[in-house]
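See below for the structure under consideration.
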Amino acid sequence: MGGSGSEVVGEILNVFAGACDTRPELTKVAGSMTRPVHFIVPPNIHASLDSGSNALMVRPQLGVLTLSAILRRAGVATRVLDLAAQPQTVAQSARQIASEGTRGVGVYAISQMTSRVAELVEAVKRELPATKVVVGGP
């Protein structure tokens, strides 16, 4: 991705274009015209033990936060579900996204977490079969 800010926003939104969930019960949700793009960071992919204190350190994924900020600056609602910082089950995450409505879902992924990412994608698709889910990472 390159170019001006509006070009970047356009490229991000094009990834989700035409694939929004349009179930009638979701279009009645307050603010349905501004349904957010959801970003999910799977649990424990960026946590490590601090060798000095044995305390679990959570490190935010700056790429996800950057994509969210770019969209927000352009007036697009976003939600970041960081399941390491605020743990919940895969099923709870999928139900939350379904209850809020979504324009699309982006899932952060690294190769070591493929099974967890697949589980997340399957749960989202069970709740919202027409929703586009994009998986990516560094």
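Using my numbering, the first residue of the sequence shown is number 11, and each one after it goes up by one. Even glycine gets a Cβ: it sits at the ideal position worked out from N, Cα and C. Everything numeric in this text was worked out from a predicted model, so none of it was measured.
Residue closest to residue i, alpha-carbon to alpha-carbon, out of the options
i       : options                             : result
Arg-105 : Pro-52, Leu-138, Phe-49 and Ser-125 : Leu-138
Val-86  : Val-145, Asp-92, Ala-119 and Leu-77 : Leu-77
Val-47  : Gly-114, Val-145 and Ala-95         : Gly-114
Ser-121 : Arg-136, Pro-148 and Arg-89         : Pro-148
Buried versus exposed call for residue i [16 or more other C-beta atoms within 10 Å across all chains shown]
i       : result
Arg-45  : buried
Leu-91  : buried
Val-134 : buried
Thr-99  : exposed
Length of the line joining the Cα atoms of residue i and residue j
i       : j       : result
Thr-124 : Val-51  : 12 Å
Leu-72  : Glu-132 : 25 Å
Ala-79  : Lys-142 : 20 Å
Ala-101 : Phe-49  : 15 Å
Val-127 : Ala-84  : 28 Å
Residues sharing a beta bridge with residue i, DSSP
i       : result
Leu-91  : Ile-50
Val-74  : Its beta-bridge partners do not exist; DSSP assigns none.
Gly-114 : Val-47
beta-carbon residue i near the ligand MG non-hydrogen atom, thresh 8 Å
i       : result
Glu-129 : Questions concerning the ligand MG fall outside what the structure shown contains, since it holds no ligand whatsoever.
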